[in-house]
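Here the structure comes first, spelled out in structure tokens, and everything after it is commentary.
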Amino acid sequence: YIGLDPRVKVAAICSFFSTRERTMELQGPSDGCQHIPYEGREQLEVPDFALMMAPRPLLILSGKYDFVDLWGAQQGYAELQQCYKVLGVPEKVDMLTVETGHGLGVEKRQKLVSWFKRWLKDDQSPVKKAAQDRFQLSDMLCTTRGQVNVSMPGALSIMQENVNQLDEWASKREAFLSKGKKTVQAKMLDLLGLKGLPDHKISIEATGHDSMREYEQYKFQLIREGEMPVPCILIIPSRANADSPVELRLQEEGKGTYLSEYANFAAALTEGKILLLADLRGLGETTDPAFYTDAKYWNREYRNAMISMHIGRPIMGQRVVDILTLLDFCSEHEFLKGHSVKVFANGIYGPAAIHAAYLDERINSVEITHSVKTWKEYIERPMQWDMYSNVLYGALKYYDLPDLIRLSNRSIRFAD
14 YIGLDPRVKV
24 AAICSFFSTR
34 ERTMELQGPS
44 DGCQHIPYEG
54 REQLEVPDFA
64 LMMAPRPLLI
74 LSGKYDFVDL
84 WGAQQGYAEL
94 QQCYKVLGVP
104 EKVDMLTVET
114 GHGLGVEKRQ
124 KLVSWFKRWL
134 KDDQSPVKKA
144 AQDRFQLSDM
154 LCTTRGQVNV
164 SMPGALSIMQ
174 ENVNQLDEWA
184 SKREAFLSKG
194 KKTVQAKMLD
204 LLGLKGLPDH
214 KISIEATGHD
224 SMREYEQYKF
234 QLIREGEMPV
244 PCILIIPSRA
254 NADSPVELRL
264 QEEGKGTYLS
274 EYANFAAALT
284 EGKILLLADL
294 RGLGETTDPA
304 FYTDAKYWNR
314 EYRNAMISMH
324 IGRPIMGQRV
334 VDILTLLDFC
344 SEHEFLKGHS
354 VKVFANGIYG
364 PAAIHAAYLD
374 ERINSVEITH
384 SVKTWKEYIE
394 RPMQWDMYSN
404 VLYGALKYYD
414 LPDLIRLSNR
424 SIRFAD
């Protein structure tokens with residue numbers, strides 16, 4: 014984003030420049046600090062950001078053995094060359110590729126200095142190698158404590174600034190929520206990455222049936238055009254009757270793990286409650302293999318969450334669609350028609366269940382455990398597991414999770 018500031022007269026990009034498409038193809042999404050939400054939806058690519066520097070001088074520094082893909086870098090550089098040529102300054106963009114890996118090695122440093130000398134000082138004389146002066150790490154510090162936040166009086170951390178911003182938006186959220194459900198729902202669908210409530214009919218595919226001692230167990234795949242199939246298991250106790258409620262259970266550990274412990278559902282069988290257990294996309298049967306996600310991201314589904322945000326369809330919004338698919342199943346299947354639906358959700362599923370309950374009145378009640386209660390928790394304590402799973406970009410300008418609970422016409426409660 015160097016091109017945004019006109020004070021930057023010359024620039025170089027080292028060991029980063031490639032195309033986003035190529036990066037995702039080879040290694041998945043990289044660090045979150047390198048992304049703008051919805052880049053893909055807006056048809057933006059890394060070379061587009063670099064192009065903002067034109068017609069000012071721009072240098073690309075790449076390594077043949079860098080994990081940053083060279084082929085993508087070459088494709089992006091070719092685009093830059095074409096653009097600078099159209100602008101009449103083809104000499105102001107250049108690329109150096111050396112037999113190294115990641116980082117700013119000697120050859121790259123020499124090219125970098127030469128580039129800056131040429132365009133800042135009109136000096137193309139050879140670069141002279143300076144003496145290798147030794148220095149202590151402490152010599153590089155700008156403060157006595159090594160941390161600006163604790164060295165400067167009145168210093169404000171980014172985290173505290175975010176909390177302050179959230180508090181300042183409180184009045185704006187109240188004003189927005191007062192505009193009525195139609196306005197709130199339209200904005201919510203937009204934030205969820207949905208053009209509207211799903212209108213395609215679902216198809217129900219039976220995949221198995223077992224007669225057990227106390228219940229009948231049925232397996233299904235629920236298919237909606239343009240969406241991932243939703244695998245689910247329906248358990249109908251022998252004591253079920255026309256008034257038995259349907260308990261839709263969304264367990265982040267997966268329906269299989271939940272059902273492996275008889276104690277988890279023994280009481281429901283005794284009370285004659287119908288159980289519907291499902292794995293929404295990205296969890297349970299469709300969990301992303303762990304080796305695709307680096308542990309440093311603190312999120313079991315970082316790849317899915319980041320790519321979903323990249324294409325403008327946050328993974329939470331996709332799971333809301335899955336819940337609506339399950340509600341359609343409850344409305345259409347002969348075993349479930351006319352039965353009230355209660356949703357039980359834990360962990361990652363919590364916010365998706367809250368949004369679905371606000372959008373669809375077929376949900377009679379919601380009970381949530383071990384889940385985030387307000388997005389303010391993320392702002393105040395940003396070092397938490399699996400936050401990317403429930404990031405909804407820009408939502409706090411309009412509402413928080415407690416607002417949806419307050420405005421819903423049904424019981425939504427946290428059981429812990």
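Residues in the sequence shown are numbered consecutively from 14, following the working numbering. Ideal Cβ placement from N, Cα and C applies to all residues, glycine included.
Query raised in the report: Which of the three DSSP states, helix, strand or coil, is assigned to K208?
Result: DSSP places K208 in coil when its eight states are reduced to three.
Query raised in the report: Identify the residues that DSSP records as bridge partners of G221: which are they?
Result: According to DSSP, G221 bridges with K232.
Report task. Look up G295 in the DSSP assignment and give the residues it is bridged to. Result -> Paired residues: none, contrary to the question.
Query raised in the report: Going by C-alpha distance, which of I236, L190, Y275 is nearest E227?
Result: Considering only alpha carbons, the answer is Y275.
Query raised in the report: Can F348 and L235 be called in contact, C-beta distance under 8 Å?
Result: Going by C-beta atoms, F348 is not nearer than 8 Å to L235.
Query raised in the report: Quick one: Cα of K124 to Cα of M400, how far?
Result: Cα to Cα, K124 sits roughly 41 Å from M400.
**Report entry** Cβ-based burial, D256 [other Cβ within 10 Å; buried from 16]
**Finding:** Under this definition D256 is an exposed residue.
Query raised in the report: Do you know offhand how far M225's Cα is from R252's?
Result: Taking the CA atoms as reference points, M225 sits about 13 Å from R252.
Query raised in the report: Where does T387 fall in DSSP's three states?
Result: Reduced to three states, the DSSP call for T387 is coil.
**Report entry** K268 to E314 span [Cα, whole Å]
**Finding:** The C-alpha of K268 lies about 18 Å from the C-alpha of E314.
Query - Paired residues, beta bridge with N359 - DSSP - result: Bridge partners of N359 according to DSSP: T382.
Query raised in the report: Does DSSP put D107 in a helix, in a strand, or in coil?
Result: In the structure shown, D107 sits in a strand (DSSP, three-state: E or B).
Query raised in the report: Is the Cβ-Cβ distance between I324 and R54 less than 8 Å?
Result: Against a cut-off of 8 Å, the Cβ pair of R54 and I324 comes out as a contact.
Requested in this report: Name the one or two DSSP bridge partners that I425 has.
Outcome: In the DSSP output, where bridge partners are listed per residue, I425 has V379.
Query raised in the report: Over what stretch of residues does the alpha helix (DSSP H) that includes S75 continue unbroken?
Result: That residue, S75, is in no alpha helix (DSSP H); its beta strand (DSSP E) goes 71–76.
Query raised in the report: Taking the continuous alpha helix (DSSP H) assigned at C96, which residues delimit it?
Result: That run of the alpha helix (DSSP H) goes 83–99.
Query raised in the report: So, do the stretch 58–76 and the stretch 24–35 have three or more beta carbon pairs nearer to each other than 8 Å?
Result: By the Cβ test, the stretch 58–76 is in contact with the stretch 24–35, since at least three Cβ pairs between them sit closer than 8 Å.
Query raised in the report: Count the other CB atoms within 10 Å of the CB of L286; is the residue buried (16 or more) or exposed (fewer)?
Result: The sequence as given places Lys at residue 286; Leu does not occur at that position. K286 counts as buried, since at least 16 other C-beta atoms from the protein chains shown sit within 10 angstroms of its C-beta.
Query raised in the report: Are G193 and H213 close, meaning C-beta to C-beta below 8 Å?
Result: In this structure, H213 does not lie closer than 8 Å to G193 by Cβ.
Requested in this report: Compare the C-beta of V163 against all C-beta atoms of chain B and say whether one is closer than 8 Å.
Outcome: In the displayed structure, chain B is absent; only one protein chain is listed.
Query raised in the report: P139 by DSSP, collapsed to three states: which one?
Result: P139: coil per DSSP, three-state reduction.
**Report entry** DSSP beta-bridge partners of R237
**Finding:** Residue pairing of R237 in beta bridges, as defined by DSSP: I215.
Query - Residues near I215 in its chain [Cβ-Cβ closer than 6 Å; skip 5 each side] - result: Cβ neighbours of I215 within its own chain (closer than 6 Å, five residues either side excluded): L235, R237, T338, D341.
Query raised in the report: Would a C-beta distance cut-off of 8 Å place D82 and H115 closer than the cut-off?
Result: For D82 and H115, no; Cβs fall outside 8 Å.
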